[in-house]
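The sequence shown begins at 83 in the numbering used here and counts up one residue at a time. Everything on this sheet refers to the single structure shown next.
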Amino acid sequence: MRILSQSIVGLFCVSVLLWLATGVRGEPAVSSTGTAKTDREATKQALAEFNSLIGGWRGVGMIKRNSRQGAWSEKAEWVWKFDPKSTGIAYQITDGKFLKSALLSYDPEKKTYLLSTVLPDGKTRDYTGALSKDTLVLESAPDKEGAVYRISIRRLNEKRTLVLFEQRNQGQSFYYRLAEVGYTRAGTKLAESGSGGPECIVTGGAGTIQVSYQGKNYYVCCSGCKQAFEEDPETFIAEAKQKAEARRKQKSP
Numbered sequence: 083m084r085i086l087s088q089s090i091v092g093l094f095c096v097s098v099l100l101w102l103a104t105g106v107r108g109e110p111a112v113s114s115t116g117t118a119k120t121d122r123e124a125t126k127q128a129l130a131e132f133n134s135l136i137g138g139w140r141g142v143g144m145i146k147r148n149s150r151q152g153a154w155s156e157k158a159e160w161v162w163k164f165d166p167k168s169t170g171i172a173y174q175i176t177d178g179k180f181l182k183s184a185l186l187s188y189d190p191e192k193k194t195y196l197l198s199t200v201l202p203d204g205k206t207r208d209y210t211g212a213l214s215k216d217t218l219v220l221e222s223a224p225d226k227e228g229a230v231y232r233i234s235i236r237r238l239n240e241k242r243t244l245v246l247f248e249q250r251n252q253g254q255s256f257y258y259r260l261a262e263v264g265y266t267r268a269g270t271k272l273a274e275s276g277s278g279g280p281e282c283i284v285t286g287g288a289g290t291i292q293v294s295y296q297g298k299n300y301y302v303c304c305s306g307c308k309q310a311f312e313e314d315p316e317t318f319i320a321e322a323k324q325k326a327e328a329r330r331k332q333k334s335p
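Structure (C-alpha cells):
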C-alpha cells in the first residue's frame, strides 16, 4: 500500500513539473507574438503620417536654387510595402541623380524613422531620423572619409513635396547643399482622407483604387495596399470596422 501511495505521489509530482515546464516554455512565444503585432501596428501608424506621399510625382532637380544650370527631370512613386516581417513605404525614382530607390520604415523601440537607399551607381546608404512638423530629417552614419549625408523630405501640401540633399564633411559643423528636387503630384488631384473622399481600408490614406470582397467594394491607395488587402481582406475589414466604431464613440456625447 505504501509503495502504491509513493508511486501515485511520484506520478503527480512529475505531471505538475511537466505542466509547469510546458507553461514556462509557452509564455515567451505568446509574448513574442503579441509584441510583434504591437510593433507592426506602431510602425504602420508612424508611416501613415506619410500617406500624402503615396502615388506618382513629377520632379525637377536643381543644384542651385532657382538656377536651370545642371537641372534635370525625374519621376517618382511612393507605394506601401507589406511582408510578414516588416512594413514600409517604397520610394522608386526614375532618372534620378541622387537616388535610384529607397525604403522608408520605422523602429518602434527607438522611435526613429529609417531610410534604406540605393544610389544611382548601385551602392547603398542608410539614414535615420525624426519627423519635425511637416519635414522628415534623416542623417547617414559617417562614411570612410568621415562625410555625413542628410536628406530632408518636406511636404508643402498635397500636391507639392521637396526633397533636399545635403552633405557635411569630416571636421565641419555645417551642411552644404548638394541639390533639391521639387515634386509635383502627377495626374489629377487625389481625394484627401477626411475630406469626403474614399479612404484606404489598409492605411487610412486617400483611396484611389477600388477593390472588392464578397460583393462589397472598398478602396486602397496603392498597389502595395491592394496586394495586402487581397491576401487578407477579412483582417483589414475587421480593423476598419473597429476604427469606425472608435470614431463613432469619440463623436458621441
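Even glycine gets a Cβ: it sits at the ideal position worked out from N, Cα and C.
The segment 279-289 in contact with the segment 307-324 per 3-pair CB rule at 8 angstroms: yes
Range of the contiguous beta strand (DSSP E) that encloses E156: As a first step, residue 156 is located in the sequence shown; it is residue number 74 there, counting from the start. Unbroken beta strand (DSSP E) run through E156: 154-165.
CB contact flag (R207, T217, <8 angstroms): The sequence position of residue 207 within the sequence shown is 125, counting from 1. The sequence position of residue 217 within the sequence shown is 135, counting from 1. In this structure, T217 does not lie closer than 8 angstroms to R207 by Cβ.
Whether L181 touches I171 by CB criterion (8 angstroms): The sequence position of residue 181 within the sequence shown is 99, counting from 1. The sequence position of residue 171 within the sequence shown is 89, counting from 1. No, the Cβ-Cβ distance between L181 and I171 is not below 8 angstroms.
Where F311 sits in the DSSP three-state scheme: In the sequence shown, residue 311 corresponds to position 229, counting from 1. F311 falls in the helix class under three-state DSSP.
The segment 248-257 contacting the segment 143-151, beta-carbon criterion three pairs below 8 angstroms: no
Cross-strand partners of D189 (DSSP beta bridge): Here residue 189 refers to the residue found at position 107 when the sequence shown is read from its first residue. Looking at the DSSP assignment, D189 forms a beta bridge with T194.
Cβ distance (whole Å) where E221 is taken to contact R236 below 8 angstroms: Within the sequence shown, numbered from 1, the residue matching residue 221 stands at position 139. Within the sequence shown, numbered from 1, the residue matching residue 236 stands at position 154. Their Cβ separation, rounded to whole angstroms, is 15 angstroms, which puts E221 and R236 out of contact at 8 angstroms.
Euclidean distance between Cα positions of T125 and N148: Sequence index remark: in the sequence shown, residue 125 carries index 43 (1-based). Sequence index remark: in the sequence shown, residue 148 carries index 66 (1-based). For T125 and N148, the distance between alpha carbons rounds to 37 angstroms.
Alpha carbon of G152 to alpha carbon of V263, nearest angstrom: Counted from its first residue, the sequence shown places residue 152 at position 70. Counted from its first residue, the sequence shown places residue 263 at position 181. Their Cα atoms are separated by approximately 12 angstroms.
Nearest residue (CA-CA) to L246, options N239, Q254, R259, L238: As a working note, residue 246 is residue 164 in the sequence shown. Of N239, Q254, R259, L238, the residue nearest in Cα terms is R259.
Distance between S183 and A268 (C-alpha atoms, nearest Å): Sequence index remark: in the sequence shown, residue 268 carries index 186 (1-based). Sequence index remark: in the sequence shown, residue 183 carries index 101 (1-based). Their backbone Cα atoms lie some 18 angstroms apart in a straight line.
Identity of the residue in F318, Q127, T176, G137 nearest V161 by Cα: Here residue 161 is taken as the residue at index 79 of the sequence shown, counted from 1. When each option's Cα is compared against that of V161, the closest is G137.
Whether Y195 touches T210 by CB criterion (8 angstroms): Residue numbering aside, residue 195 sits at position 113 when the sequence shown is read from its first letter. Residue numbering aside, residue 210 sits at position 128 when the sequence shown is read from its first letter. Cβ atoms of Y195 and T210: closer than 8 angstroms.
For L404, the three-state DSSP class (helix, strand or coil): Outside the shown range of the chain (83 to 335) lies residue 404, about which nothing can therefore be said.
Euclidean distance between Cα positions of V293 and E159: Stepping through the sequence shown from its first residue, residue 293 is reached at position 211. Stepping through the sequence shown from its first residue, residue 159 is reached at position 77. Taking the straight line joining both Cα atoms gives about 21 angstroms.
Pairwise C-alpha distance: G228 and F256: As a first step, residue 256 must be located in the sequence shown, where it is residue number 174. As a first step, residue 228 must be located in the sequence shown, where it is residue number 146. When rounded, the distance between both Cα atoms is 13 angstroms.
Top-ranked residue by Cα proximity to E316, from I291, T120, Y300: On the sequence shown, position 234 is the one that residue 316 refers to. Nearest of I291, T120, Y300 to E316, Cα basis: Y300.
When L244, Q254, C304, G297 are compared against A288, the one with the closest alpha-carbon: To locate residue 288, count along the sequence shown from 1; it is residue 206. Checking every option, the nearest Cα to that of A288 belongs to C304.
Reduced DSSP category for A273 - H, G, I as helix; E, B as strand; rest coil: Taking the first residue of the sequence shown as 1, we reach residue 273 at position 191. With a pLDDT of only 40 at A273, under the threshold of 50, the placement of this residue in the model should not be trusted; the figure read from the coordinates follows. DSSP places A273 in coil when its eight states are reduced to three.
Neighbourhood of Q309 by C-beta, 8 angstroms cutoff - its chain only, sequence neighbours within 5 removed: In the sequence shown, residue 309 corresponds to position 227, counting from 1. Closer than 8 angstroms at the Cβ level, and outside the excluded window around Q309, lie F164.
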